[in-house]
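Quick note, the sequences are listed as chains B and C, same order.
Counting from 1, one number per residue, gives the positions in the first sequence under UniProt numbering.
Counting from 1, one number per residue, gives the positions in the second sequence under UniProt numbering.
Note that the Cβ used here is the ideal one computed from N, Cα and C, for glycine as well.
Scroll down for the structure; my scribbles are underneath it.
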Amino acid sequence: MKFLAARRRNPLVALGLLLVALVAVGGGYAAIANIQPAQASASSQTQVEEGKRLYLAGCSSCHGMAAQGTSNGPTLLGVGAAAVDFQVSTGRMPLAAPGAQAIVKTPTYNETQIAALAAYVASLAPGPAIPTAEDTSFDNADVAQGGVLFRTNCAQCHQAAGQGGALTQGKWAPNLMQATPKEMIEAMITGPASMPVFSDGTLPIKDKQAIISYVNNLQNASSPGGLDLGRLGPVTEGLFLWTAVFAALIAAAVWIGIKAR
Amino acid sequence: MTDLTPHGTEPAKLGYSPVADIPHALRVSDTDPAAAKRAERQIASMFLLSMILVVVFIVAFCTIDKDTNVYIPVFGEVGFLTIVLGLTSGLSILLIGTGAIQWAKKLMPDVEVVQMRHEMTSPQDATDEAAANYERGKDESGFARYTIIRRTLIGAMALFPIPVIFLLRDLWSSPESGTLTPDEILSHTIWKKGERIVVDATYLPVRPQDLPIGGLVSAVPASLKEVQEAEGNLNARGKSAIILVRMDPKDIVAQQGDGWDYQGIVAYSKICTHVGCPIALYEQRTHHLLCPCHQSTFDLANAGAVVFGPAARNMPQLPIGVDSEGYLIAMDDFNQPIGPSFWERG
């Protein structure tokens, strides 16, 4: 110890101690950082197992024990987490009753359960992932270009003002006034029910954000002219004219014809 | 020819119409001078209110910011200026009208009157004179005698309108169409072998792997961007617009030509064969393409056959393939005119 005590004021000692401290902190951090991914995968493993349990209990009767599909429901292999999140978080799945179209209702599962189901279905076969917060942000999107793209790709079913419209045999394209950015991206990349898929290859995420920005603009649009009459154009305007306005004109004619007392 | 003389010999009596023998109910304003005065004030105040509303209109127009919104129950969020301008201008004209009607109903005379209708036929001497004039004209002109003149005149009159029909030809010829006939113009689009298929509006070229099964793309030819017509490129666009869809190759029942798809990707015209509405209302599960105008429905898995609605022809299919760089291209133009039927097609 005499040797150390004699040399402890040597300038090299400070350097040595600094080195030791750096190695200890860096190594310790690396050790912890290495552990974290292992923990994460362990938790997602339990998430998948929880998802599998929920799937077997709630979904397998129609979609099959191995998600291979049955005569009552399509296969879920390759539909991805995005399709599960879209269908379950909007309440479309599980189906309330068999019919032409899945109805939007209060979701049956909570957020954790939906994430578990999505993780389980995604673990069966690769498919579109749930859009990230970055994907659904449309702050810098070009709303005018979004309008052009909406009219080219979406308006034929969802109507120029996003009010939805009829399809064949009792099916319909839903109204978009309550749709969230995440739901819109999920619908475009997965093509739920009758809707075709608008893949990122042909409609890049930048264009999807522009479309969302346009729909957001429609959702928040006021109607400066008064009653918007469902924004359906000449159909409701004509109906209003033939009922309310004509009734007022007939009432006026009757009043003009009544003799004054 | 209003006859206001008393009907018959009876003198007019209170409570009876002076011209028609019917009871005439008197109004309050006829018997009570105070009520008449009230009606006068009521009518004048309607006209006065109308004037005030016009002033309010002008003041509102000059002072209210056009972007100010106001919430009205039932109506929702509406433009304040629009509502004020609409109400003031509408009510001001309505009050002029209601005031005028009240004036007529309450203060102007309201006795029943009889208006005698005049004879419907012309007097006998006038009809005789017209008949005589016609006969004299026939004799003097010799219209009945000069048979050859009469017939050639009728022939000339019949032929004269025909050139008007030929003038319609100019409706199709334009500097761009040159000497082509409508049949030739409508039978060809700018699609040709090797023409790249690009996404409408963004002009992105499409690779087969970009389009998953169930995918849909509204597409146009890449060279559409360079087309210059008198009005942009609307004619070329209207004829060449297509939709690309991908389905499981096993689902394809028939096509209009052998191998016109590319690994399950098929391209069909976007223009309905009924009256030419652009259609992209595609149901990916049934492979049906539905026209929103008249509900014509085409089965894209079965050579674009009409399965419902008034369309008479299959949706024309465009043969496609890929080029050396792996992008989707057209292998040819359409082999038939796209869009609705026309004269020359029969």
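Practice prompt. Would you kindly work out how many angstroms separate the C-alpha atoms of Val-164 of chain C and Phe-342 of chain C, rounded to a whole number?
Written response: Here residue 164 of chain C is taken as the residue at index 164 of the second sequence, counted from 1. Here residue 342 of chain C is taken as the residue at index 342 of the second sequence, counted from 1. Rounded to the nearest angstrom, the two C-alpha atoms are 20 Å apart.
Worksheet entry | Lys-270 of chain C versus Lys-206 of chain B: straight-line alpha-carbon distance, rounded | By one-based count along the second sequence, residue 270 of chain C stands at place 270. By one-based count along the first sequence, residue 206 of chain B stands at place 206. Going by the C-alpha atoms only, they are around 25 Å apart.
Worksheet entry | Val-23 of chain B to Asp-85 of chain B span [Cα, whole Å] | As a working note, residue 23 of chain B is residue 23 in the first sequence. As a working note, residue 85 of chain B is residue 85 in the first sequence. A direct Cα-to-Cα measurement between Val-23 of chain B and Asp-85 of chain B gives close to 45 Å.
Item to complete: Report the rounded CA-to-CA distance for His-288 of chain C versus Ala-118 of chain B, giving the unit in angstroms.
Response: As a first step, residue 288 of chain C is located in the second sequence; it is residue number 288 there, counting from the start. As a first step, residue 118 of chain B is located in the first sequence; it is residue number 118 there, counting from the start. Rounded to the nearest angstrom, the two C-alpha atoms are 30 Å apart.
Fill in: Residue of B:Val-48, B:Asn-175, B:Arg-151, B:Thr-152 minimising C-alpha distance to Ala-122 of chain B
Counting from 1 along the first sequence, the entry for residue 122 of chain B is found at position 122. The shortest C-alpha separation from Ala-122 of chain B is found at B:Val-48.
Fill in: Within 8 Å, strictly: CB atoms of Ala-82 of chain B and Pro-131 of chain B
As a working mapping, residue 82 of chain B is identified with position 82 in the first sequence. As a working mapping, residue 131 of chain B is identified with position 131 in the first sequence. At the C-beta level, Ala-82 of chain B and Pro-131 of chain B come within 8 Å of one another.
Worksheet item: Of the choices C:Ala-312, C:Ile-43, C:Arg-246, whose alpha-carbon is the least far from that of Asp-210 of chain C?
Response: To locate residue 210 of chain C, count along the second sequence from 1; it is residue 210. The candidate whose alpha carbon is nearest that of Asp-210 of chain C is C:Arg-246.
Practice prompt. Scan the stretch 193-205 of chain B for residues whose Cβ lies nearer than 9 Å to a Cβ of chain C and list them as they occur along the chain.
Written response: Listed in sequence order: Ala-193, Ser-194, Met-195, Pro-196, Val-197, Phe-198, Ser-199, Asp-200, Gly-201, Thr-202, Leu-203, Pro-204.
Worksheet item: Do you know how far the Cα of Ala-201 of chain C is from the Cα of residue 320 of chain B?
Response: Any question about residue 320 of chain B goes unanswered here, given that chain B covers just 1 to 261.
Item to complete: Would you check if the stretch 271-284 of chain C and the stretch 320-334 of chain C touch, i.e. whether three or more CB-CB distances between them fall below 8 Å?
Response: In short, these stretches do not touch, since the Cβ pair count stays below three.
Worksheet item: Expressed to the nearest angstrom, what Euclidean distance is found between the alpha-carbon atoms of Thr-152 of chain C and Tyr-134 of chain C?
Response: For the purposes of this step, residue 152 of chain C is taken as residue 152 along the second sequence, with counting starting at 1. For the purposes of this step, residue 134 of chain C is taken as residue 134 along the second sequence, with counting starting at 1. Straight across, the Cα-Cα distance linking Thr-152 of chain C with Tyr-134 of chain C is about 22 Å.
Discussion item. Check this for me: beta carbons of Ala-305 of chain C and Asn-314 of chain C, under 8 Å apart or not?
Written reply: What you label residue 305 of chain C is simply residue 305 of the second sequence in a count that begins at 1. What you label residue 314 of chain C is simply residue 314 of the second sequence in a count that begins at 1. The Cβ atoms of Ala-305 of chain C and Asn-314 of chain C sit closer than 8 Å to each other.
Worksheet entry | Residue-chain proximity (Asp-125 of chain C, chain B), Cβ-Cβ < 8 Å | Position 125 of the second sequence, counting from 1, holds the residue named residue 125 of chain C. With 8 Å as the cut-off, Asp-125 of chain C does not count as an interface residue toward chain B.
Worksheet item: Applying a beta-carbon distance threshold of less than 7 Å, which residues of chain C neighbour Ala-260 of chain B?
Response: If you number the first sequence from 1, residue 260 of chain B lands on position 260. Within chain C, the residues near Ala-260 of chain B are Arg-27, Lys-105, Lys-106.
Item to complete: Since I believe Ala-330 of chain C is in contact with Leu-318 of chain C (beta carbons under 8 Å), could you give me their beta-carbon distance rounded to a whole number of angstroms?
Response: The count along the second sequence starts at 1 and reaches residue 318 of chain C at position 318. The count along the second sequence starts at 1 and reaches residue 330 of chain C at position 330. That pair is a contact at about 6 Å.
Practice prompt. Verify the CB distance criterion: does Val-121 of chain B have a CB-CB separation below 8 Å to chain C?
Written response: Working through the first sequence from its first residue, we reach residue 121 of chain B at position 121. By this cut-off, Val-121 of chain B is not an interface position.
Worksheet item: Are there 16 or more other CB atoms within 10 angstroms of the CB of Tyr-203 of chain C, so buried, or fewer, so exposed?
Response: Your numbering for residue 203 of chain C matches position 203 in the second sequence. With fewer than 16 Cβ atoms within 10 Å of its Cβ, Tyr-203 of chain C is classed as exposed.
Worksheet item: Taking Cβ positions only, does Ile-130 of chain B come closer than 8 Å to chain E?
Response: This model lacks chain E altogether, as its protein chains are B and C.
Practice prompt. Give the residues of chain B in contact with Gln-284 of chain C, contact being defined as C-beta atoms less than 8 Å apart.
Written response: Along the second sequence, one-based indexing puts residue 284 of chain C at 284. The contacting residues are Gly-191, Ser-194, Met-195, Pro-196, Val-197.
Worksheet item: Can Ala-219 of chain C and Val-206 of chain C be called in contact, C-beta distance under 8 Å?
Response: Translated into positions along the second sequence, residue 219 of chain C becomes position 219. Translated into positions along the second sequence, residue 206 of chain C becomes position 206. Contact flag set, yes.
Worksheet entry | Below-8 Å beta-carbon distance, His-188 of chain C vs any chain B residue | As a working note, residue 188 of chain C is residue 188 in the second sequence. False, the Cβ-Cβ gap to chain B never drops below 8 Å.
Worksheet item: How far does the beta strand (DSSP E) with Arg-246 of chain C in it reach, from first residue to last?
Response: Walking along the second sequence from the start, residue 246 of chain C turns up at place 246. Where Arg-246 of chain C is concerned, the enclosing beta strand (DSSP E) stretches over 242-246.
Worksheet entry | Contacts around Ala-129 of chain B, its chain only, beta-carbon distance under 8 Å, and the 5 residues preceding and following it disregarded | Locating residue 129 of chain B in the first sequence gives position 129, counting from the first residue. Around Ala-129 of chain B, the same chain offers Gly-80, Ala-81, Ala-82, Ala-122 as residues with beta carbons nearer than 8 Å, after the five sequence neighbours per side are excluded.
Discussion item. Quick check: the Cα distance between Asn-72 of chain B and Lys-193 of chain C, rounded to an integer number of angstroms?
Written reply: Locating residue 72 of chain B in the first sequence gives position 72, where the first residue counts as 1. Locating residue 193 of chain C in the second sequence gives position 193, where the first residue counts as 1. As the crow flies, the alpha-carbon of Asn-72 of chain B is around 44 Å from that of Lys-193 of chain C.
Practice prompt. Rounded to whole angstroms, what's the CA-CA distance from Val-56 of chain C to Gly-99 of chain C? Just pull it up for me.
Written response: One-based indexing of the second sequence puts residue 56 of chain C at position 56. One-based indexing of the second sequence puts residue 99 of chain C at position 99. Val-56 of chain C and Gly-99 of chain C: Cα-Cα distance of roughly 19 Å.
Worksheet item: Is the beta carbon of Cys-157 of chain B less than 8 Å from the beta carbon of Leu-281 of chain C?
Response: Along the first sequence, read from residue 1 onward, the residue named residue 157 of chain B stands at position 157. Along the second sequence, read from residue 1 onward, the residue named residue 281 of chain C stands at position 281. For Cys-157 of chain B and Leu-281 of chain C, yes; Cβs fall inside 8 Å.
Fill in: Coarse secondary structure for Ala-40 of chain B, derived from DSSP in three states
As a working mapping, residue 40 of chain B is identified with position 40 in the first sequence. Annotation note: pLDDT 44 at Ala-40 of chain B (below 50); position unreliable, coordinate value reported separately. Residue state for Ala-40 of chain B is assigned as helix, using DSSP reduced to three classes.
Item to complete: Throw me the rounded Cβ distance for the Leu-218 of chain B and Ala-161 of chain B pair, which I believe falls under 8 Å.
Response: As a first step, residue 218 of chain B is located in the first sequence; it is residue number 218 there, counting from the start. As a first step, residue 161 of chain B is located in the first sequence; it is residue number 161 there, counting from the start. Contact holds; Cβ gap of about 6 Å.
Discussion item. Closest to Gln-42 of chain C by C-alpha separation, out of C:Cys-62, C:Leu-107, C:Leu-167, C:Asn-69, would be which residue?
Written reply: Translated into the one-based positions of the second sequence, residue 42 of chain C becomes position 42. If we check each option's Cα against that of Gln-42 of chain C, C:Leu-107 comes out closest.
Practice prompt. Report the residue ranges of all alpha helix (DSSP H) runs contained in full by the UniProt domain "Rieske" (221-329) of chain C; include only those spanning at least 4 residues, in chain order.
Written response: Counting only runs of 4 or more, we get 234-240.
Discussion item. Going by beta-carbon coordinates alone, are Ile-320 of chain C and Ile-197 of chain C separated by less than 8 Å?
Written reply: Here the question's residue 320 of chain C lines up with position 320 in the second sequence. Here the question's residue 197 of chain C lines up with position 197 in the second sequence. Result yes, Cβ atoms of Ile-320 of chain C and Ile-197 of chain C sit closer than 8 Å.
Discussion item. Checking the sheet assignment: what are the DSSP bridge partners for Ser-218 of chain C?
Written reply: Position 218 of the second sequence holds residue 218 of chain C. Ser-218 of chain C pairs with C:Ile-243.
Practice prompt. Starting from Val-104 of chain B, follow the alpha helix (DSSP H) in both directions and report where the run begins and ends.
Written response: On the first sequence, position 104 is the one that residue 104 of chain B refers to. No alpha helix (DSSP H) holds Val-104 of chain B; DSSP gives it neither H nor E.
Worksheet item: Given that residue 273 of chain B touches chain C, what residues does it touch there, using C-beta distances under 8 Å?
Response: The requested residue 273 of chain B does not occur in the structure, where chain B is confined to residues 1 to 261.
Practice prompt. Just mark Asp-299 of chain C as buried or exposed, buried being the case when its beta carbon has 16 or more other beta carbons within 10 Å.
Written response: As a first step, residue 299 of chain C is located in the second sequence; it is residue number 299 there, counting from the start. With 16 or more other Cβ atoms within 10 Å, it is buried.
Practice prompt. For my contact list, Gly-285 of chain C and Ser-194 of chain B are in at a C-beta cut-off of 8 Å; report their separation, rounded to the angstrom.
Written response: As a working mapping, residue 285 of chain C is identified with position 285 in the second sequence. As a working mapping, residue 194 of chain B is identified with position 194 in the first sequence. Before going further, note that residue 285 of chain C is Arg rather than Gly in the sequence given. Between Arg-285 of chain C and Ser-194 of chain B a beta carbon distance of about 6 Å is seen, short of the 8 Å cut, so the two are scored as contacting.
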